[in-house]
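Colleague: Be aware that the sequence shown starts at 2, since it is given in our numbering, and climbs by one per residue. Take a look at this one; I'll ask things after.
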Amino acid sequence: SDKTVRIWDLETAECVGEPLRSHRTSISAIKVMTHGSAPLLLTGSDSNTVTGSYMSNPADIAVYLDDSDNNTIAGSTIAITANYNNSPALYLTAASRNTISQSLIQNTLNDAVAFHAASNSNVISQSTLTASGGSGGQIWLDGSSSNTVTASYLYTNAGNGGVTVLGSSYNTFSLSTITSVNTTNAALDFQSGSFNSVSQSRVTSLVSGVGVSMRIPASYNTIDRSTITSSGNTAMDIRGSSHTILDSYVQ
């Protein structure tokens with residue numbers, strides 16, 4: 002670090018004004034808030050690190066990774082507090098091998114995290130993802146594969162669902178808790194996609210909603226050494242083919 006803070010114009014990719022030089026040591030934390038576009042936008046940008054930072058947007062995407070790979074966000078908060086545009090708090094499109102760890106990702110009206118357009122091999126670990134109300138959930142996986150969510154807590158209150166898997170394969174959820182309260186869809190909803198796995202995790206639907214749903218044409222998905230429960234509906238609704246449930250508790 003050169004001990005400066007620089008403000009960049011995202012449209013022209015030019016530095017605005019002179020660097021702020023009042024810092025005497027390296028800068029490892031920032032607070033960014035906005036009322037317009039994403040406060041953190043990476044486009045075609047690789048191998049960057051953001052730590053100990055707070056990135057908030059009252060009405061739209063808070064962090065947007067577009068065609069950006071091998072970036073790290075750690076020990077940070079990514080938040081949408083109002084969300085009039087029904088956007089995810091963290092949005093990845095064609096972004097791969099990024100890591101989010103020990104962070105809080107929250108959204109009041111839509112998805113906490115959305116993976117789109119071949120966003121592959123990303124990792125979310127030791128993090129908390131929350132969504133409440135509206136049409137969203139914790140994670141939306143659409144056409145994205147080989148992503149990992151591990152040692153994390155995922156919670157939705159009165160939204161559309163929890164984790165939705167659509168046309169995505171080889172994704173892994175491990176050592177995590179996925180909880181949905183009074184949601185329309187399942188806490189974990191495999192709408193399509195194959196060879197995804199859930200291991201050593203707890204998936205719970207409270208008040209309404211299915212615990213785990215595997216719809217046609219989803220196939221070859223695996224649940225291993227996990228607990229699946231629902232207090233107001235079916236714990237597991239399996240309608241696809243060739244799934245595996247191994248050493249698990251279902252109630």
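Even glycine gets a Cβ: it sits at the ideal position worked out from N, Cα and C.
(1) Give the secondary structure of H244 by DSSP, where H, G and I count as helix, E and B as strand, and everything else as coil.
(2) Going by other Cβ atoms of all chains shown within 10 Å of its Cβ, with 16 needed for buried, is S243 buried or exposed?
(3) Thinking C-beta only, is T165 closer than 9 Å to V182?
(4) Is DSSP giving F191 helix, strand or coil here?
(5) Tell me the DSSP secondary structure of F174 in three-state form.
(6) Can you find the residues in the same chain that come closer than 6 Å, C-beta to C-beta, to I229, ignoring five residues on each side of it along the sequence?
(7) Put F116 into one of helix, strand or coil per three-state DSSP.
(8) Give me the residue from N99, W141, Y65 and D67 with the minimum Cα distance to T50.
(9) Counting C-beta neighbours from all protein chains within 10 Å, is the total for A83 16 or more, i.e. buried, or is it exposed?
(10) Using a 10 Å radius around the Cβ and a threshold of 16 neighbouring Cβ atoms, would you call N86 buried or exposed?
(11) Measure from the C-beta of N121 to each C-beta in chain D and report whether the shortest distance is under 9 Å.
(12) Counting C-beta neighbours from all protein chains within 10 Å, is the total for L41 16 or more, i.e. buried, or is it exposed?
(13) Measuring only the C-alpha atoms, how far is T44 from A75?
Modeller: This is what the structure holds:
(1) coil
(2) By the neighbour-count criterion, in which a residue is buried when 16 or more other Cβ atoms sit within 10 angstroms of its Cβ, S243 is exposed.
(3) Between V182 and T165, the CB-CB gap reaches or exceeds 9 Å.
(4) strand
(5) strand
(6) V204, G212, V213, A236, M237 and V251
(7) DSSP, read as helix, strand or coil, puts F116 in strand.
(8) Cα-wise, what sits closest to T50 is N99.
(9) When all chains shown are included, A83 counts as exposed.
(10) exposed
(11) In the structure shown, chain D cannot be found, because there is only a single protein chain.
(12) buried
(13) Between T44 and A75, the alpha-carbon positions lie close to 19 Å from each other.
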